[in-house]
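Worksheet: the structure to be examined is printed underneath.
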Amino acid sequence: MNIIKLDAIDSTNSYIKKLSNEIAIESYTVVVANHQTKGRGQLGTSWLSKKGKNLTFSVLIKFKDFKVQNQFYLSMAVSLGILASIKNGISSPLKIKWPNDILSVNNKVAGILIENILRGNFIKQSVIGVGLNVHQKIFPENIENVTSLKNISGNNYDMDALLRHLIKMIKFYIRYIEKKEFKTLKNLYINSLYNYNKPTMFKDKKGKVFLGKIIDISESGRLVVELENKKTCKFNLKEIKFASN
Ligand code: BTN
């Protein structure tokens with residue numbers, strides 16, 4: 281495994297993207313940073329992580345035959361890989377909050393930022409950025425519903441071993457994409473999905489709160505929600521939020 285360790289960098293995702301433009305790097309090359317000065321989250325948010333306490337890393341994966349239309353399977357595979365690699369020693373339920381946050385009960389323990397490099401209708405390379413809260417005990421007051429592995433299990437972690445295990449498990453689930461076993465991947469994802477089939481309060485993009493139930497994930501990765509009047513609606517990431525967090 282090719283792991284590049286950095287003390288400080290703006291963002292490991294930005295770094296590995298730039299590196300792959302400059303030199304040929306192998307699939308599954310990993311960049312991990314002790315500290316990110318400009319960590320990036322989904323939808324243009326920032327990712328804050330206390331120096332030296334957590335894992336912030338990116339892995340570059342190359343694909344031979346992966347259609348853009350199947351891109352959500354990558355979110356599924358990465359989420360499942362993270363879930364599988366952190367569940368040892370944790371008795372509380374760990375779930376995937378659509379699209380790809382990892383939760384312990386209602387609190388986020390890891391976030392994923394995937395950036396794809398396309399050629400035509402194909403994903404040629406993906407940069408998978410993962411922020412996993414490991415030893416951080418206290419979080420800024422303005423960040424709600426967040427936790428760390430240490431807060432959940434009370435354990436201390438060997439960060440190097442944990443990183444290697446994460447990559448191994450991400451690779452394991454990415455094999456389902458390479459073998460085009462999309463149905464299996466989706467079933468595994470749905471089985472670990474937070475609030476699947478449960479009455480849940482959502483917020484739409486205008487801030488209106490409504491009750492619904494997640495009943496499926498569409499081919500393109502949209503959240504399929506059954507409303508109170510039994511009508512079904514599909515939402516993308518910008519169109520819906522969980523009202524609780
Ligand atoms: C989110 O939940 O909003 C996604 C957070 C992703 C954070 C990780 S930390 C390592 C990598 N580099 C970044 O700048 N972002 C991702």
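In the working numbering, the protein residues as written are 281 to 525.
Beta carbons: idealized from backbone N, C-alpha and C, even for Gly.
In this text, all values refer to a predicted model and were calculated from it rather than measured experimentally.
Beta-carbon to beta-carbon, Lys375 and Tyr474 are separated by about 4 Å, close enough to satisfy the 8 Å threshold.
Sorting Glu519, Gly321, Asn477 and Lys485 by C-alpha distance to the C-alpha of Lys493 places Asn477 at the top. By the Cβ criterion, the stretch 394-404 is not in contact with the stretch 483-492, since fewer than three pairs of Cβ atoms, one from each stretch, lie closer than 8 Å.
Considering only Thr336, Trp378 and Arg444, the residue with the shortest C-alpha distance to Leu503 is Trp378. Taking all protein chains shown into account, Asp381 has 16 or more neighbouring C-beta atoms within 10 Å of its C-beta and is therefore buried. When C-alpha distances from Ala357 are compared across Lys459, Thr325, Ala523 and Asn509, the shortest belongs to Lys459. For Leu340, the uninterrupted beta strand (DSSP E) segment begins and ends at Leu335 to Lys342. For Gly324, the closest of Gln416, Val426 and Ser291 by C-alpha to C-alpha distance is Ser291.
It is roughly 15 Å from the alpha-carbon of Ser338 to the alpha-carbon of Ile454. Here DSSP, grouped into helix, strand and coil, assigns His445 to helix. Residue nearest to Ile403 within the set Asn350, Asp438 and Thr336 is Asn350 (criterion: CA-CA distance). Residue burial annotation: Ala288 is exposed, with fewer than 16 other C-beta atoms found within 10 angstroms of its C-beta. Under the DSSP definition of a beta bridge, Val407 partners with Leu340 and Glu395. Of the residues assessed, Ala441 falls on the exposed side of the cut-off, its CB having fewer than 16 other CB atoms within 10 angstroms.
One thing to note: Val407 has its Cβ no nearer than 8 Å to the Cβ of Asn314. With the rule of 3 Cβ pairs closer than 8 Å, the stretch 295-312 does not count as touching the stretch 424-432.
Taking C-beta separations shorter than 6 Å and ignoring five residues to either side along the sequence, the partners of His415 in its chain run Lys333 and Lys430, following chain order.
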